[in-house]
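The next block holds one structure in the form of structure tokens; read it before the comments.
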Amino acid sequence: MARRHKRRMMGEINVVPYIDVMLVLLVIFMITAPLLSEGVKVDLPPANAKPIDLKQDETPVILSVNAAGQYFLNIGTPQDQPIDASVVVARVTAVLKLNPNAHLFVRGDRKASYEQVLDGMVLLQAAGAPSVGLETEPDNAPTVQINGSH
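Following this line, the structure appears as structure tokens:
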């Protein structure tokens with residue numbers, strides 16, 4: 012007499028295909044995430060920003076943009092002469108190679124156009140700056156509280 016063996020149901024889930032799919036998705040997201048962030052990365056302070064605490068031996072790199080759209084850099088010489096965009100990129104690249112944690116700021120004249128200041132920020136980004144700050148005047152204006160009653 013032939014004995015029939017009943018097949019038992021397997022109560023386990025094979026997770027290997029799920030891991031494969033997860034790893035493929037992870038690779039896809041790792042490749043596409045940097046492509047989605049376009050533009051200049053700027054760390055803008057809130058309206059009532061406090062000054063950034065720098066160490067005594069730390070000198071920030073400041074790119075100034077005057078009303079005519081000319082660039083001035085506080086590193087190298089001469090500091091009071093306008094410099095070309097390629098010189099800005101070369102000098103900031105050299106500074107970032109020596110000190111990758113250097114603080115970078117753009118000081119834009121209030122009469123300079125937004126485009127001129129943004130172009131300065133793009134130059135710093137082209138030099139390898141991970142983030143760029145905007146230098147502002149302290150706000151000494153009195154605060155006005157507005158409530159619901161007139």
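Convert by adding 11 to the 1-based position in the sequence shown; the result is the number in this note's numbering.
Cβ atoms here follow ideal geometry from the backbone N, Cα and C, with glycine treated the same way.
Just to confirm, are L135 and V143 a CB contact at a threshold of 7 Å?
Locating residue 135 in the sequence shown gives position 124, where the first residue counts as 1. Locating residue 143 in the sequence shown gives position 132, where the first residue counts as 1. Yes.
Of all the options G80, N77, G87, which has the alpha carbon lying nearest to the alpha carbon of P71?
On the sequence shown, residue 71 is found 60 positions in, with the first residue counted as 1. Closest by alpha carbon: G87.
How many Å lie between L65 and Y82 at the Cα?
As a first step, residue 65 must be located in the sequence shown, where it is residue number 54. As a first step, residue 82 must be located in the sequence shown, where it is residue number 71. Answer to the nearest angstrom: the Cα atoms are 24 Å apart.
Determine the closest residue to D120 out of V27, E23, L36, G80, with distance taken between C-alpha atoms.
Position 109 of the sequence shown, counting from 1, holds the residue named residue 120. It is G80.
Excluding the 5 residues flanking N77 on each side, which residues of the same chain have their C-beta closer than 6 Å to its C-beta?
Taking the sequence shown and counting its residues from 1, the one referred to as residue 77 is at position 66. For N77, where only same-chain residues beyond five positions count, the Cβ hits under 6 Å are D120.
Candidates P93, N112, K108: which alpha carbon is nearest G131's?
Numbered from 1 along the sequence shown, position 120 holds the residue referred to as residue 131. Measuring C-alpha to C-alpha distances from G131 to each of P93, N112, K108 identifies P93 as the nearest.
Here's a check: name, in chain order, each residue in its chain whose Cβ is nearer than 7 Å to the Cβ of A101, leaving out the five neighbours to either side.
By 1-based counting over the sequence shown, the position of residue 101 is 90. Counting only Cβ-Cβ distances below 7 Å, and skipping sequence neighbours, we find nothing.
Using only alpha-carbon positions, find the residue among E23, Q127, E69 that is nearest to L109.
Start at 1 with the first residue of the sequence shown, and residue 109 comes out as number 98. Residue E69 is the option with its Cα nearest to L109.
Going by DSSP, name the residue or residues bridged to L84.
Along the sequence shown, read from residue 1 onward, the residue named residue 84 stands at position 73. L74.
State the CB to CB distance for the pair V99 and V117, rounded to an integer number of angstroms; the pair is presumed to be in contact (CB under 8 Å).
In the sequence shown, counting from the first residue as 1, residue 99 sits at position 88. In the sequence shown, counting from the first residue as 1, residue 117 sits at position 106. Rounded, the Cβ-Cβ distance is 11 Å, inconsistent with contact.
Can you name the residues that DSSP bridges to V167?
No answer is possible for residue 167: the residues shown for the chain start at 12 and end at 161.
On the criterion of 16 or more Cβ atoms from any shown chain inside 10 Å, does A140 qualify as buried, or is it exposed?
By 1-based counting over the sequence shown, the position of residue 140 is 129. It counts as buried.
Between which two residues does the beta strand (DSSP E) harbouring L115 extend?
As a first step, residue 115 is located in the sequence shown; it is residue number 104 there, counting from the start. It spans 115-119 - the beta strand (DSSP E) in which L115 sits, taken as one unbroken run.
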